[in-house]
Structures are given as C-alpha cells and as structure tokens.
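Residue numbers (our numbering): 1 to 147.
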Amino acid sequence: MTATDELIEFSKYLFNETTIEDYAHTNQALRTCIHKSYYAAYHECKLLGDKLPQAENTNTGSHESLIRQLKNVPISSAGTKNNAKRIRTISLWLLQAKTLRCKADYLLDSEIDVREIEQHDINVRKILRDLPTIVNDLTPQQKTSNV
1 MTATDELIEF SKYLFNETTI EDYAHTNQAL RTCIHKSYYA AYHECKLLGD
51 KLPQAENTNT GSHESLIRQL KNVPISSAGT KNNAKRIRTI SLWLLQAKTL
101 RCKADYLLDS EIDVREIEQH DINVRKILRD LPTIVNDLTP QQKTSNV
C-alpha cells in the first residue's frame with residue numbers, strides 16, 4: 001500500500017466513524033478527513049508537476065504554485081491537447097480541495113458540512129483516477145524528465 005493509499009484509507013475510515021451519531025469528535029474527524037485526502041491528491045499531483053515545466057515564480061506557496069503550474073500547462077508539455085485539458089481540469093479539482101482543506105485547517109469556527117466532504121471526496125477520487133492515465137499518455141521522455 002502506498003502512502004497515498006494510506007492517506008485515502010485513513011480518511012475513509014474517519015469519515016465512516018463520523019456517521020455514528022454518538023461519535024464524540026465528529027467535527028475534528030471531518031476536518032482530518034479533508035486534510036488527509038487533500039494531501040493524498042496534492043502529493044500525487046506533485047509527482048505530475050515534477051514532470052512539467054515549472055510555473056513562473058510569483059512568490060506564492062508551493063500548493064498554489066503547483067495548481068497554477070497544472071492550470072497553465074502547455075500542450076507541448078502535456079503531450080496532447082486532450083491531456084492538457086485533463087490536467088487543467090485536475091488543477092480546478094485540486095484548487096477546490098485546497099480551498100476546503102484551508103477551511104478545515106484554519107477556519108475552526110466554521111461548520112464542516114458532510115455534503116462538502118462528499119463533493120471533496122468525489123474530486124479527490126477523480127484526481128487519483130485520472131492522474132495515472134495522464135502520466136501514461138506522456139511520452140517516455142516526458143515521463144522521466146524533471147523539467
């Protein structure tokens with residue numbers, strides 16, 4: 001089992017625990033679900049980002065830089081127009097996941113809604129589903145290069 005798989009499995013476990021009505025730490029468990037699943041998606045996206053041209057440095061954090069890098073991927077680096085479109089879509093899903101992760105980690109007085117987590121889970125699953133296909137579609141040189 002990979003580290004990404006472990007993060008996702010732990011996130012699922014916590015989410016399932018929160019469905020028990022008498023669970024004492026529901027709010028924290030939901031926040032941790034978001035945190036863990038986001039980082040699973042982020043680290044997998046980072047592996048793809050390491051194979052693509054780096055985003056222009058605009059003094060933003062590593063997460064924002066990765067999202068921008070994926071959003072602005074050139075077709076020539078993505079291999080095909082379709083791959084570039086899929087990578088840009090992943091950047092949107094990752095941005096949505098990051099936004100909810102920031103809410104969960106920093107806006108402690110805000111409510112975490114189960115529907116938000118369900119949509120977050122869908123986005124993370126789509127990211128993890130699509131990334132292997134995208135990497136597989138890269139040319140052999142693109143798969144191994146660290147541009």
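Yeah, the Cβ is synthetic: ideal placement off N, Cα and C, and Gly gets one too.
Distance between residue j and residue i (C-alpha atoms, nearest Å)
i	j	result
Arg125	Glu111	23 Å
Gln96	Ile87	14 Å
Ser37	Ile8	5 Å
Thr160	Asp5	Given that the chain is displayed from residue 1 to residue 147, the structure contains no residue 160 and the question cannot be resolved.
Thr58	Leu52	17 Å
Tyr13	Gln28	13 Å
His63	Ser76	23 Å
Gln54	Asp109	36 Å
Gly49	Asp113	31 Å
Thr2	Thr32	19 Å
Counted within 10 angstroms of its Cβ, other Cβ atoms place residue i as buried (16 or more) or exposed
i	result
Arg115	exposed
Lys85	exposed
Ser11	buried
Ser91	buried
His25	exposed
Leu47	exposed
Simplified DSSP assignment, three categories, for residue i
i	result
Pro74	coil
Asn150	Since the first and last residues shown for the chain are 1 and 147, residue 150 lies out of range.
Leu7	helix
Gly79	coil
Ser110	coil
Thr89	helix
Gln28	helix
Pro132	helix
Leu138	coil
Leu94	helix
Asn146	Note on Asn146: pLDDT 47, under 50, position unreliable in the model; the coordinate value appears next. Coil at Asn146, not helix or strand.
Asp121	helix
Leu66	helix
Lys51	coil
Residue-chain proximity (residue i, chain D), Cβ-Cβ < 8 Å
i	result
Ile112	Absent here is chain D; the protein component of the structure consists of one chain.
C-beta contact flag for residue i and residue j at 8 Å
i	j	result
Ile127	Leu30	no
Thr80	Asp137	yes
Ile34	Asn83	no
- How do the segment 113–130 and the segment 56–76 stand: do at least 3 beta-carbon pairs fall below 8 Å, yes or no? no
- Query: Is the number of C-beta pairs between the segment 89–109 and the segment 35–47 that are closer than 8 Å three or more?
  - Reply: In the pairwise beta carbon analysis, the segment 89–109 is classified as touching the segment 35–47: at least three pairs are separated by under 8 Å.
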